[in-house]
Every structure is written in C-alpha cells, then in structure tokens.
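Peer 1: Sharing a structure here in structure tokens format.
There are 2 protein chains.
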Amino acid sequence: MPRPAVPARTPLPRAVEEVDTRFLETLLGYNARRAALAVIDVFVQRMEPYGLKPVDFSVLSLVRHNPGITSRQLCTTLGILPPNLVGMINTLEKRELVERLPHPRDGRAMGLHLTTGGQKLMRDAEKTAAELEADFASRLTPAELRTLIGLLQKVYREP
Amino acid sequence: MPRPAVPARTPLPRAVEEVDTRFLETLLGYNARRAALAVIDVFVQRMEPYGLKPVDFSVLSLVRHNPGITSRQLCTTLGILPPNLVGMINTLEKRELVERLPHPRDGRAMGLHLTTGGQKLMRDAEKTAAELEADFASRLTPAELRTLIGLLQKVYREP
DNA sequence: TATTGTTATACTCTATAACTATA
DNA sequence: TATAGTTATAGAGTATAACAATA
Chain A
1 MPRPAVPART PLPRAVEEVD TRFLETLLGY NARRAALAVI DVFVQRMEPY GLKPVDFSVL
61 SLVRHNPGIT SRQLCTTLGI LPPNLVGMIN TLEKRELVER LPHPRDGRAM GLHLTTGGQK
121 LMRDAEKTAA ELEADFASRL TPAELRTLIG LLQKVYREP
Chain B
1 MPRPAVPART PLPRAVEEVD TRFLETLLGY NARRAALAVI DVFVQRMEPY GLKPVDFSVL
61 SLVRHNPGIT SRQLCTTLGI LPPNLVGMIN TLEKRELVER LPHPRDGRAM GLHLTTGGQK
121 LMRDAEKTAA ELEADFASRL TPAELRTLIG LLQKVYREP
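Same order as they appear, the protein sequences are chains A and B. For the first sequence, counting from 1, position 4 maps to 4 in the UniProt record's numbering; every step adds exactly one. For the second sequence, counting from 1, position 15 maps to 15 in the UniProt record's numbering; every step adds exactly one.
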C-alpha cells in the first residue's frame with residue numbers, strides 16, 4: 001500500500017532540536033568573522049585597563065613605530081575614513097598620549113608623535129597584546145598560530 | 001669633537017616614508033579582522049544581485065538547513081540580539097522569502113520556513129557563496145583553505 | 001518565575017558632502 | 001587643480017530596558 005502523499009510545498013511545523021551550521025562552516029568569510037570576533041572580544045577585555053579600544057591601540061601602535069606618521073597614512077593603513085579619525089586623535093591628544101607636530105615638508109599635514117606618557121602606556125599595552133597571543137597558544141600550538149597568521153595574510157594581501 | 005646633544009624627549013619632526021606595520025601583523029586579532037573584512041567585501045559584492053547582506057544570507061541559510069528554526073535559535077547561533085533580528089525577519093517576510101508558522105510545541109515561539117521563492121533564491125545564493133570559496137583558491141591552494149578554516153574554527157570554538 | 005518575541009530607544013561605527021589651507 | 005585635515009551629518013550596526021503572551 002502506497003504511503004499517503006505529503007503536500008510538497010507546505011512546510012511541516014516541526015521543531016529544530018539542534019541547529020545545523022555545517023554549510024555556514026564551509027565558508028571562509030563566516031569562519032574568519034567568527035574567529036576575529038572571538039579574538040577581539042578577549043583583546044577588548046585586556047585593553048580595558050589602558051582605556052584603549054582596538055582602533056585606539058592600532059593607531060597608537062602605528063604612531064609608536066612610525067613617529068611623525070600623518071593622519072592620511074593612518075587612514076589608508078587601517079582602512080579608516082579621515083572624518084572618523086579626527087575624533088579619535090582629539091581624544092588621544094586630550095589624554096596627552098599623542099601630540100600633533102608640524103610636518104617637516106608639508107604645511108597641510110601634521111606629524112603624530114607619542115608623548116612620554118603615551119610611550120609608557122604603549123610599552124605596557126603592546127606587551128599585554130603579545131601575551132594575549134601566547135594565551136591563544138593554548139588552543140593553538142605556536143606552529144599552528146604561525147601558519148594561521150601566514151594564511152590570513154595571504155587572504156588579505158593583494159596578489 | 002663630541003656631536004651636539006639631542007634633547008631626548010623632543011620628537012624630531014621627521015616624515016614617515018613607508019608605514020611599518022610589522023608589529024600589528026604579529027597580532028592574531030589584527031590579521032583575522034583584516035582577512036574577514038577582505039573576504040566579506042567580496043561576499044557583499046557577490047550577494048548584491050540577490051539583495052542579501054551577509055547577515056541576511058546567514059539567517060536564510062540557517063532557515064534553509066533548519067526549517068522550523070526559531071528566532072531565539074537564530075540569535076544564539078549567529079550572535080545577534082533579539083531586538084535586532086526582528087526587523088531583518090520582517091523585511092525578509094515582506095519580500096516573501098520566509099514565513100513564520102506556529103511552533104508545534106511552544107505557543108510563544110514561531111518556526112521560520114523558506115517560501116518557495118526563498119528556496120529558489122537560496123539555492124542560487126549558496127551556490128554563489130560556494131563559488132566564492134573556490135575563487136579564493138587562487139590565493140590559497142585547496143589544502144591551505146582547508147587548513148585555514150580548521151585553524152579558525154579552533155580559535156572560535158570553545159575549548 | 002522564566003522565556004519568546006516585540007517595541008522603543010540610545011549608543012557606536014561607518015559613510016558622504018562640503019569647507020579651509022596649503023601644495 | 002589636487003590633497004590634508006576638518007566639520008557636520010546621515011546611515012548602519014549594536015546595545016539595554018521594558019512589555020505582552022506563554023511556559
């Protein structure tokens with residue numbers, strides 16, 4: 001005896017017990033975003049004592065390793081739009097972490113430099129950031145971490 | 001003759017020729033974020049013909065593979081807050097891609113299902129998403145892509 | 001009492017147009 | 001004319017509080 005026909009187009013009201021995420025997990029974008037959010041979550045926690053958000057950290061780190069860097073250079077390097085950088089720099093300047101000095105060759109531009117306080121803060125903050133990497137080596141071996149970072153760079157660097 | 005003393009604390013106004021990003025590039029968070037943004041950028045372009053943003057795609061893909069999934073389940077799976085999901089679902093419902101049906105066992109909840117149109121759209125959209133993966137295999141070998149995704153999952157999955 | 005879905009709302013992040021001063 | 005920095009502002013994304021209906 002043939003089983004009763006089921007209307008093909010009417011969804012049966014059944015409940016989902018466990019969510020199947022297998023398809024999404026085949027996608028690089030999904031995995032990259034999830035991983036980025038996980039790492040950045042921890043990063044945010046560890047940087048709270050310094051009063052630095054991830055962007056602030058990136059900006060100050062670039063200023064530290066590139067004294068005299070201009071706003072424009074920061075924007076292109078970090079993918080920030082110039083109007084959105086202004087407020088960040090203002091805040092960091094009010095906290096006396098950076099200072100704007102005249103650019104030696106371009107009268108329109110300002111060179112950014114860390115103050116003494118900014119240098120001290122970033123020495124500690126970068127050490128904390130480096131320690132965070134070491135902590136993730138509990139999920140990943142040091143070799144896996146190196147491989148991962150290398151592959152990520154292959155993804156975002158222009159070919 | 002001794003060279004003239006340079007005041008140690010006064011930053012010399014020098015220009016930065018090329019930005020040194022080496023420190024940031026040692027950080028997993030920085031690399032993961034850059035890679036995620038690069039992939040998602042391409043994803044956004046490819047999904048434009050379908051009128052889907054990355055979140056819309058994730059939602060519809062989960063509904064496709066989990067017919068009857070509830071809003072709550074979507075939120076916990078994707079890390080979206082319930083108030084922010086409401087508008088998305090409303091829009092997708094107005095486009096007649098999903099429909100809300102009563103949940104078989106919980107009178108408070110609604111089970112989400114793809115409409116016939118939604119099924120057709122997502123068949124194509126998921127195929128496009130899978131092709132995008134293949135395209136990144138020009139920067140990465142298939143083996144590297146598998147390794148990368150495996151390592152990313154190690155990073156964001158709870159230990 | 002706790003949870004699902006919802007509204008209202010605020011806050012942050014990101015994006016666009018336009019101005020100024022220098023090149 | 002083109003560019004660096006800035007202002008003002010709009011839009012998207014993300015957050016919290018509170019409520020009705022149901023468990």
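From the three backbone atoms N, C-alpha and C, an ideal C-beta is built for every residue, glycine too. None of the values given here were measured: they were computed from a predicted structure.
Ignoring anything shorter than 3 residues or poking outside the UniProt domain "HTH marR-type" (25-157) of chain A, list the beta strand (DSSP E) runs there in chain order.
Peer 2: 98-102 and 110-114
Peer 1: Going by C-alpha distance, which of E133/A, R146/A and K154/A is nearest F43/A?
Peer 2: E133/A
Peer 1: Please say whether E99/A and T115/A have beta carbons closer to each other than 8 Å?
Peer 2: yes
Peer 1: So with Cβ pairs under 8 Å, would you call D56/A a contact of chain B?
Peer 2: Residue-level contact check: D56/A does not touch chain B, since none of the beta carbons of chain B fall below 8 Å from its beta carbon.
Peer 1: Out of curiosity, what's the CA-to-CA distance linking P7/B and P67/A?
Peer 2: Per-residue confidence for P7/B stands at a pLDDT of 48, beneath the threshold of 50, marking its modelled position as unreliable; the derived number appears in the next sentence. One C-alpha to the other measures close to 16 Å.
Peer 1: May I have the straight-line CA-CA distance separating L85/B from Q45/B, to the nearest angstrom?
Peer 2: 23 Å
Peer 1: Closest by CA to D106/A, which one among D20/A, S71/A and R146/A?
Peer 2: S71/A
Peer 1: Let me check understanding here. Comparing Cα to Cα, which of L145/A, L121/A, V155/A and Y156/A lies closest to L60/A?
Peer 2: L121/A
Peer 1: Do the region 11-26 of chain A and the region 48-63 of chain B meet, that is, are 3 or more Cβ pairs less than 8 Å apart?
Peer 2: yes
Peer 1: Using a Cβ-Cβ distance under 8 Å, would Y156/B count as near chain A?
Peer 2: Yes - at least one Cβ of chain A is within 8 Å of the one on Y156/B.
Peer 1: For V19/A, which residues in chain B fall below 7 Å Cβ to Cβ?
Peer 2: L62, N66, I69, Q73 and T77
Peer 1: Under 8 Å by Cβ, that's how I've got A36/B and G29/A pegged, so tell me the actual separation to the nearest angstrom.
Peer 2: Contact holds; Cβ gap of about 7 Å.
Peer 1: When the distance is taken between beta carbons, is L112/A closer than 8 Å to V63/A?
Peer 2: yes
Peer 1: Tell me, to the nearest whole angstrom, how far the beta carbon of A15/A is from that of H65/B; I am working on the premise that it is less than 8 Å.
Peer 2: Contact between A15/A and H65/B does not hold, since their C-beta atoms are separated by about 15 Å, which reaches or exceeds 8 Å.
Peer 1: Do R33/A and I40/B have their CB atoms nearer than 8 Å?
Peer 2: Closer than 8 Å, so yes.
Peer 1: I believe M110/B touches L101/B by the beta-carbon criterion, under 8 Å. Please report the beta-carbon distance rounded to the nearest angstrom.
Peer 2: 7 Å
Peer 1: What is the rounded straight-line gap between the Cα of F136/B and the Cα of P49/B?
Peer 2: 20 Å
Peer 1: Measure the beta-carbon distance from L97/B to G117/B and round it to whole angstroms, keeping in mind my assumption that it falls under 8 Å.
Peer 2: 6 Å
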